[in-house]
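First comes the structure, then the notes that go with it.
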Amino acid sequence: MYQTNQLTEISKYLNEYSIIKSDFDKRFRNASSDNIGQKFYDLQKEYELSLLKKENQLSSTYLIIALLFTTLLLLVLYQIWRNWSVSSKTNKRLELLNTQITEQNRNLRETLATLEQSQDENKRVMKVVAHDLRSPIGAIVSLAGLMLNDQKLQQEEQHLVGLIKESGNDSLKFIDELLHREVNASELEKESVDLDGLLNYCVNLLQYKATEKQQKINLKTESITLNINREKIWRVVSNLITNAVKFSPLNTSIDVNLDIKADSVIISVKDYGIGIPEEMKENIFNINESTKRSGTNGEQSFGMGLVISKQIVETHGGKLWFESNSKGTTFFVELPIS
């Protein structure tokens with residue numbers, strides 16, 4: 278400051294320095310050496326205490342970290358043990374399940390083998406029975422043919438004998454089918470059939486059966502020709518009308534209708550009988566003992582007709598279903614026109 282000629286500032290700081298130095302000298306003279314030593318000792322202890330606090334904090338931090346690490350390690354070990362335990366139980370269950378499946382497969386193979394053997398035996402018995410039926414039914418057809426040639430028969434009698442002959446011929450076709458292997462849809466023999474004439478034939482044939490229960494079959498039909506297997510569709514309609522007669526009380530009617538749609542025809546057979554119970558509806562098209570029941574006059578049921586009918590209709594590309602309540606049942610057969 279002297280070199281820069283700041284003389285006023287020099288005077289100012291010199292005065293302040295003198296005051297500070299004078300005050301310090303005064304205080305130093307008043308202080309004893311013991312007080313200074315005590316202060317140095319206190320400062321040293323405070324410093325050591327601060328160091329201990331820092332070390333304590335650091336130790337606490339290390340302890341917390343160690344506890345966290347130990348906790349995580351225990352959690353990992355617990356999870357590993359738990360997974361091993363669950364895996365062990367799962368493996369045991371899988372082994373048990375595998376054993377059960379293996380046992381069931383073995384039982385199924387044995388059952389299948391037994392069924393195949395039983396099916397072969399049933400086919401053999403069926404063919405024997407069908408073969409033995411050919412002769413008496415053929416004789417009935419032949420005798421009916423001879424009777425038709427008799428000019429002495431009345432018109433009504435000729436009609437009845439004609440029905441006997443046609444029914445016998447249809448039975449012979451059915452027997453021939455039993456004697457040969459089952460055909461699929463592509464091998465199904467079809468022909469142009471007047472559906473109106475087929476329904477009239479079924480109704481005329483079964484009207485006599487309905488008359489035994491004072492029942493009447495009403496037919497409402499239209500003229501249409503379909504490419505179908507005549508004998509099989511006749512069997513379906515005949516079975517539905519027979520069931521309607523069987524499960525209807527005395528002095529009731531049965532309605533058989535033919536409706537022509539855009540691309541299909543629907544044959545309906547409606548009765549006013551006892552209906553189908555709710556517990557039977559799900560299994561009505563299955564071979565099941567629960568679907569067998571007696572008719573209103575104690576007629577016996579074998580539970581096979583609807584099963585066979587459904588297979589025949591579906592082989593023709595159609596559908597078979599029903600609607601039933603306590604006031605009666607209606608079966609519907611839909612067949613494609615093309």
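Quick note on numbering: the sequence shown equals residues 278 to 615 in this note's numbering. Just so it is clear, CB atoms sit at the ideal spot from N, CA and C, and this is done for glycine as well.
Bounding residues of the alpha helix (DSSP H) (the contiguous stretch that carries residue i)
i	result
residue 585	582-592
residue 553	Per DSSP, residue 553 belongs to no alpha helix (DSSP H) and is neither H nor E.
residue 540	Residue 540 -> no alpha helix (DSSP H), and no H or E assigned at all.
residue 229	Residue 229 falls outside the range modelled here, since the chain spans only 278 to 615, and no answer is possible.
Buried or exposed by the 16-neighbour rule on C-beta atoms within 10 Å, applied to residue i
i	result
residue 508	buried
residue 474	exposed
residue 348	exposed
residue 511	buried
residue 590	buried
residue 594	exposed
residue 575	exposed
residue 539	exposed
residue 340	exposed
residue 587	buried
residue 513	buried
residue 583	buried
residue 606	buried
residue 571	exposed
residue 416	exposed
residue 287	exposed
residue 343	exposed
residue 421	buried
Reduced DSSP secondary structure (H/G/I, E/B, other) of residue i
i	result
residue 430	coil
residue 612	strand
residue 284	helix
residue 297	helix
residue 325	helix
residue 561	coil
residue 498	coil
residue 576	coil
residue 330	helix
residue 519	helix
residue 466	coil
residue 525	coil
residue 530	strand
residue 378	helix
From the options, residue whose alpha carbon lies closest to that of residue i
i	options	result
residue 549	557, 532, 512, 344	532
residue 447	340, 424, 410	410
residue 609	551, 574, 590, 544	544
residue 500	470, 424, 325	470
residue 472	516, 301, 487, 536	536
residue 268	315, 527, 431	This structure cannot settle anything about residue 268, because the visible part of the chain is limited to 278 through 615.
residue 603	525, 364, 315	525
residue 541	421, 615, 373	615
residue 485	515, 291, 504	515
residue 601	612, 585, 343, 556	556
residue 477	518, 316, 381	518
residue 467	444, 435, 502	502
residue 414	444, 284, 360	444
residue 585	506, 562, 319	562
First through last residue of the beta strand (DSSP E) which encompasses residue i
i	result
residue 502	502-505
residue 600	596-602
Task: the segment 469-482 contacting the segment 425-444, beta-carbon criterion three pairs below 8 Å - done: yes
- [ ] Pair every Cβ in the segment 483-501 with every Cβ in the segment 517-535, then say whether three or more of these pairs are closer than 8 Å.
- [x] yes
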